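Written below as structure tokens is the structure these notes are about.
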Amino acid sequence: MENIKIPKSLIFISVIVVIFLWFGSSLYQKVPAGYVAVATLFGEVQADPYEEGLHIPVNPFYEWYFYDVRQKSHLEEANVPSQDQLQTKIQVSVQFRLEKDSAPMILKETGQAQDVLRVHIVPKLRSLLREQGKAIKRAEDFFLEKTQQNMQTSLLEGLRDYLGTKGVNVGAVLIRDISLPPFIIRAIESKKEREQEVEKQKAELKRFKTEQQQKVALAKAESEAAKEQAAKMMVLADAQAYEIEKINTAIGNNPNYVKLQALEALKAISKDPASKIYFMNGDSPSPLPLLNIGN
Numbered sequence: 240m241e242n243i244k245i246p247k248s249l250i251f252i253s254v255i256v257v258i259f260l261w262f263g264s265s266l267y268q269k270v271p272a273g274y275v276a277v278a279t280l281f282g283e284v285q286a287d288p289y290e291e292g293l294h295i296p297v298n299p300f301y302e303w304y305f306y307d308v309r310q311k312s313h314l315e316e317a318n319v320p321s322q323d324q325l326q327t328k329i330q331v332s333v334q335f336r337l338e339k340d341s342a343p344m345i346l347k348e349t350g351q352a353q354d355v356l357r358v359h360i361v362p363k364l365r366s367l368l369r370e371q372g373k374a375i376k377r378a379e380d381f382f383l384e385k386t387q388q389n390m391q392t393s394l395l396e397g398l399r400d401y402l403g404t405k406g407v408n409v410g411a412v413l414i415r416d417i418s419l420p421p422f423i424i425r426a427i428e429s430k431k432e433r434e435q436e437v438e439k440q441k442a443e444l445k446r447f448k449t450e451q452q453q454k455v456a457l458a459k460a461e462s463e464a465a466k467e468q469a470a471k472m473m474v475l476a477d478a479q480a481y482e483i484e485k486i487n488t489a490i491g492n493n494p495n496y497v498k499l500q501a502l503e504a505l506k507a508i509s510k511d512p513a514s515k516i517y518f519m520n521g522d523s524p525s526p527l528p529l530l531n532i533g534n
């Protein structure tokens, strides 16, 4: 059998095709939206990150690491002791994102994105929370608005100072929930109930005082009215007494009035069938009826 000779050009083309098929998918890299990619070559981190989009060509020997640089929120819960040695459970959320340009440094010094949270954010946040608790005298003071505002400001500044050099940008720190020890909660509720009862008693006392003031004002008005009525009656009585006095004086000075009264009396007696015989003393200057009580 004769040997078949394959042209060298065909062999070369075949080798090129095999190499292309083998490394073809490694000659480009697609980075999703909101991500950056960091490449390593034989363990060495490349200094420049690859932003979102399609990158052609790239070294087929690169190993790729992807970092989500979109805004994230982490919720952390920790027991924070105050000066009274009581443990208060505080829930805090941290809004942060990874810096694009810092992705190679993060890979080299920390690791993957989840390592940033585990190594840097959570431990520092817990440490700052405990530090904040040292300045709080009583556990219930955590409920004060001023205390919460100061805590949020201090936590934000502390995290920014620490994480800024780690390639992490902190946007906000928010206190989500505060849970005091159960017996403290019961004490606070009891205190509120007592305060509400005191306020209720104050309102009742105020209402009673108002009613009493109204009664006093009414009694005073009635007393003034009675005094005014009494004064009017006294004036009327004085007028009547004065009138009677004037009449009596006039009568006393008029003898005809006495005669008239005598005649009226005689007239009344004469109407009685059992009346006796009366005689008039005609010689008297003021004749009066005289009763003869003899036979």
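So the number in the working numbering is just where the residue sits in the sequence shown, counting from 1, plus 239.
A virtual CB, placed ideally from N, CA and C, is assigned to each residue, including glycine.
Nothing here was measured: the structure is a model prediction, and the numbers come from that model.
Rounded C-alpha distance that separates Ile-345 from Ile-250 = So the two alpha carbons sit approximately 46 Å from each other.
Integer Cβ distance of Val-270 from Gly-292, believed to fall under 8 Å = Between Gly-292 and Val-270 the Cβ distance is about 6 Å, and since that is below 8 Å, they are a contact.
Pro-299 to Leu-398 span [Cα, whole Å] = 39 Å
Member of Tyr-289, Glu-443, Thr-279, Arg-415 whose CA lies at the smallest distance from the CA of Asp-340 = Tyr-289
Hey, quick one: how far does the beta strand (DSSP E) through Val-409 stretch, first residue to last?
-> 407-418
Tell me Phe-335's beta-bridge partners as DSSP assigns them.
-> Bridge partners of Phe-335: Lys-311, Val-409.
Taking Asn-181 as the reference, give the member of Ala-469, Glu-302, Val-409, Ser-366 with the closest Cα.
-> Nothing about residue 181 can be reported from this structure: the residues present for the chain run from 240 to 534 only.
For Val-361, which three-state DSSP category applies?
-> Note: Val-361 maps to helix in three-state DSSP.
Compare the C-alpha of Pro-362 against each of Glu-316, Thr-327, Tyr-274, Gln-387 and name the closest.
-> Glu-316
Can you tell me which of Thr-279, Ile-255, Ala-272, Pro-296 puts its alpha carbon nearest to the alpha carbon of Ser-265?
-> Taking each of Thr-279, Ile-255, Ala-272, Pro-296 in turn and checking the Cα distance to Ser-265, the smallest one comes out for Pro-296.
Through-space distance from Val-275 to Gly-372, alpha-carbon basis | 38 Å
State buried or exposed for Val-355, treating a residue as buried only when at least 16 other CB atoms are found within 10 Å of its CB.
-> Of the other Cβ atoms in all chains shown, 16 or more fall within 10 Å of the Cβ of Val-355; this residue is therefore buried.
Distance CB(Ile-423)-CB(Glu-384) smaller than 8 Å | no
Using DSSP with H/G/I as helix, E/B as strand and the rest coil, what is Asn-298?
-> coil
Bridge partner(s) assigned by DSSP for Val-455 = According to DSSP, which records beta bridges pairwise, Val-455 is partnered with nothing at all.
Buried or exposed for Ala-394, please, with buried defined as at least 16 other CB atoms from any protein chain shown within 10 angstroms of its CB.
-> It is worth fixing the name first, because residue 394 is Leu in this sequence and not Ala. By the neighbour-count definition (other C-beta atoms within 10 Å, threshold 16), Leu-394 is a buried residue.
Just the C-alpha distance for Gln-326 and Leu-280, rounded to the nearest angstrom, thanks.
-> Straight-line measurement puts the Cα of Leu-280 at about 50 Å from the Cα of Gln-326.
Assigned secondary structure, Glu-316 (DSSP; H/G/I helix, E/B strand, else coil) = strand
Would you list the one or two residues that DSSP bridges to Phe-305?
-> Looking at the DSSP output, Phe-305 shares a beta bridge with Ala-276.
Chain-order list of residues whose beta-carbon lies under 6 Å from that of Gln-387 (same chain, five-residue window excluded) | Ile-414
Please say whether Ala-352 and Tyr-306 have beta carbons closer to each other than 8 Å?
-> Against a cut-off of 8 Å, the Cβ pair of Ala-352 and Tyr-306 comes out as a contact.
Taking the alpha helix (DSSP H) that Lys-347 falls in, what are its first and last residues?
-> For Lys-347, the enclosing alpha helix (DSSP H) starts and ends at 342-348.
Is Gln-268 helix, strand or coil by DSSP?
-> strand
Out of curiosity, what's the CA-to-CA distance linking Ile-532 and Glu-503?
-> Since pLDDT at Ile-532 reaches only 45, below the 50 mark, its modelled position is unreliable, and no value is offered.
What is the rounded straight-line gap between the Cα of Ile-427 and the Cα of Thr-349?
-> If I take the Cα positions, the gap works out to 45 Å.
Distance between Val-455 and Thr-449 (C-alpha atoms, nearest Å) | 10 Å
Presumed contact (8 Å Cβ cut-off) between Phe-335 and Gly-410, rounded CB distance | 6 Å
From this set, His-359, Met-390, Phe-382, which residue's C-alpha is nearest Arg-369's C-alpha?
-> Met-390
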